[in-house]
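There are 2 protein chains.
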Amino acid sequence: MKELKQRSTCPVSTSLDLLGDKWTLLILRDIVFAGKSTYGQFLQSAEKIATNVLADRLAVLEAQGILTKAVAADKKSKFTYRLTEKGLDTVPIIVELLLWGAKHGPTVVAPGLLEELRAGKDAAVAKYQQLAREQALT
Amino acid sequence: MKELKQRSTCPVSTSLDLLGDKWTLLILRDIVFAGKSTYGQFLQSAEKIATNVLADRLAVLEAQGILTKAVAADKKSKFTYRLTEKGLDTVPIIVELLLWGAKHGPTVVAPGLLEELRAGKDAAVAKYQQLAREQALT
DNA sequence: TATATTTGCTTGCAAATTGCAAGTGCAAAT
DNA sequence: ATTTGCACTTGCAATTTGCAAGCAAATATA
């Protein structure tokens, strides 16, 4: 089991110990905003994560209680990754990264999403968290 | 000049291309929440960043317009790093990381800060942004 | 004026992480 | 019985990180 080393007691630092890399939050983004849940789906994202890096991150995220791994409902040879409540609590972080990137970089955002977030951030965050919770039941 | 490679047009991904590592946001945290501004001060933080990594990150952040480098007011042999408006816009990201870390990890937070953030996130963000702006004038 | 110290880096090198390509094992479909 | 799909694992090269030391210019001290 890979233990996570904590560099300090600062909460920003502690969050970055787990989330501070180029891939982890993209996996969580895929679950929340793209409704993805399987290894194969994560591999298909535009950023092209390497297979070993994906496997490593999924293992760390599961070990840290950010997501759960379960046999898929339809196929026993397939796994379904879902966010825990701790994982759902990262949605505000992802949203702020999204807003910053959309404001300062050349990006493409799903139509309506920016407006929805700007109109009411808390409500939008709650909505996407709830959607992810409901998917976990199917 | 180190060019930043963009993995996709997703705004979350674009933000992580620049901010997605273990050190960059800690430097910004030090400026916003600890009032730091010099190379030597950044080196003294609890997380102990390596000198070459710090030099590299400061160069990237300056090149990307997140911070500005200027000769210090008191000493010509000293430099002062300050946030640009683009840099100040990362404060909400840092705040969300702080809140997540404080909720889910064993951390120590300055007394009153959590209460201040929970009482009114937007107002607190605006306050710390304004404080950083004012420091830039001294 | 000479010497020491402060400040902000740079350099060299070992260790760890990442990226790429290929391969493996198991379940399910054909 | 064989092939396909899915979830990884493995090997290896390239990049990034961490650590220790060194360096150069500006300032402080003797």
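Protein chains in written order, with UniProt numbering: chain A, 1 to 138; chain B, 1 to 138. Glycine residues also receive a C-beta, built at the ideal position from the N, C-alpha and C atoms.
query, result
"Residues bridged to R59 (chain A) (per DSSP)", "Before going on, a small fix: residue 59 (chain A) reads as Ala here, not Arg. Answer is none; A59 (chain A) lacks a bridge partner."
"C-beta contact flag for L88 (chain A) and Q41 (chain A) at 8 Å", "no"
"Cβ-based neighbour list, L61 (chain B), same chain, cut-off 6 Å, excluding 5 preceding and 5 following", "L67"
"Range of the contiguous beta strand (DSSP E) that encloses L83 (chain A)", "F79 to L83"
"Min CB distance K86 (chain B) to chain A below 8 Å", "yes"
"Proximal residues to L26 (chain B) (C-beta, below 8 Å), its chain only, five neighbours per side dropped", "S45, E47 and I49"
"Pairwise C-alpha distance: Y39 (chain A) and L54 (chain A)", "8 Å"
"S13 (chain B) to G105 (chain A) span [Cα, whole Å]", "10 Å"
"Residue range of the unbroken alpha helix (DSSP H) whose run includes L114 (chain B)", "L113 to A119"
"Backbone secondary structure at V71 (chain B) - three-state DSSP", "strand"
"DSSP three-state assignment for L4 (chain A), whether helix, strand or coil", "coil"
"Reference A123 (chain A), options A:E134, A:P92 and A:L97, closest by Cα", "A:P92"
"Listed by chain order, chain B residues near T107 (chain A) by CB distance under 7 Å", "T9, C10, P11 and T14"
"CB contact check: E116 (chain B) to chain A, cutoff 8 Å", "no"
"Buried/exposed call for T24 (chain B), threshold 16 Cβ in 10 Å", "buried"
"Cβ-based contacts, 7 Å cut-off: residues of the segment 86-101 of chain A near chain B", "K86, D89, T90, P92, I93, I94, E96, L97, L98, W100 and G101"
"Contact list for the segment 36-47 of chain B against chain A, Cβ threshold 7 Å", "A46 and E47"
"Test item: CB-CB of L28 (chain B) and I94 (chain B) under 8 Å", "yes"
"Sequence-distant residues of its chain with Cβ nearer than 7 Å to E116 (chain B) (five each side left out)", "A124"
"Through-space distance from F79 (chain A) to A73 (chain A), alpha-carbon basis", "9 Å"
"Cβ-based burial, R118 (chain B) [other Cβ within 10 Å; buried from 16]", "exposed"
"Nearest-angstrom beta carbon gap, L97 (chain B) and S15 (chain A) [assumed within contact, 8 Å]", "4 Å"
"Own chain, CB closer than 7 Å to Q64 (chain A), minus 5 neighbours either side, in chain order", "L4 and L18"
"Integer-rounded CB distance, given that W100 (chain B) should sit under 8 Å from T84 (chain A)", "Between W100 (chain B) and T84 (chain A) the Cβ distance is about 13 Å, and since that is not below 8 Å, they are no contact."
"Local conformation of A136 (chain A) per DSSP, three classes", "coil"
"C-beta contact flag for G20 (chain A) and G20 (chain B) at 8 Å", "yes"
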